[in-house]
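Residue numbers (the numbering used here): 21 to 248.
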């Protein structure tokens, strides 16, 4: 199964608000997000994993229509999304009622749920934030249900106020790949098995270093993932 793993896109953010370059940087983030799907189509990935904070704040309906248009252009690619602490599913969140394209699965529950793709023999697990802070260590207590499937965990967090993560426990949980979001610096924690995507584009002056996404291929027998 070929995939791309992104996180912390923060669509809607205006970096360095008020500066002469602010609006261009805001537009750049949208452009880069669009380009990810152009790459996904070109290299024929099966799935794009979005590990939280797709938006910097509660998305507007017109913004959801914009991203949905992007998703509709790649109907052959499955897209799986969870909400993070910035774009959490508030009571009035437009995420709750928006109808996404058929190739999009939004794991909206505030508890671990999963979706199985039989044509890929792949099951993706995850949960969305319903509050700005989620302090329960939910990722430390789950194991995949289908041992013969490719099992992926889509997880956003890693500090005391945003779902603390015990990395050793997570690596022993039985998932074939763990796609992490929340930390803006990309990091491969366990080769080909567990990684933070980092912010797709720098959001502020603290987001130094490389930015991009992880792309790779996994089966039950092997995994190969590299930073792009």
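Ideal placement from N, C-alpha and C gives every residue a C-beta, glycine not left out. Just so we're clear, the structure is a prediction, and the values are computed from it rather than from any experiment.
Residue i - DSSP class collapsed to helix/strand/coil
i: residue 43; result: helix
i: residue 22; result: strand
i: residue 94; result: coil
i: residue 237; result: strand
Residue environment, residue i, which counts as buried when at least 16 other CB atoms sit within 10 Å
i: residue 246; result: exposed
i: residue 252; result: Residue 252 is absent from the structure shown; the chain starts at 21 and stops at 248.
i: residue 80; result: exposed
i: residue 75; result: buried
i: residue 224; result: exposed
i: residue 197; result: buried
i: residue 143; result: buried
i: residue 60; result: buried
i: residue 222; result: buried
CB contact flag (residue i, residue j, <8 Å)
i: residue 185; j: residue 159; result: yes
i: residue 193; j: residue 162; result: yes
i: residue 93; j: residue 66; result: no
i: residue 64; j: residue 22; result: yes
i: residue 105; j: residue 30; result: no
i: residue 24; j: residue 235; result: yes
i: residue 220; j: residue 52; result: yes
Beta-bridge partners of residue i, as assigned by DSSP
i: residue 195; result: The partner list for residue 195 (beta bridge, DSSP) is empty, contrary to what the question assumes.
i: residue 134; result: 145
i: residue 124; result: 99
i: residue 171; result: 143
Between the stretch 138-154 and the stretch 109-128, do three or more beta carbon pairs fall short of 8 Å? The stretch 138-154 is in contact with the stretch 109-128.
Does the pairing of the stretch 37-51 with the stretch 159-176 give three or more beta-carbon distances under 8 Å? Counting Cβ pairs under 8 Å, fewer than three are found: no touch.
Segment contact flag, the stretch 59-71 with the stretch 197-217, C-beta cutoff 8 Å, min 3 pairs: In short, these stretches touch, since the Cβ pair count reaches three.
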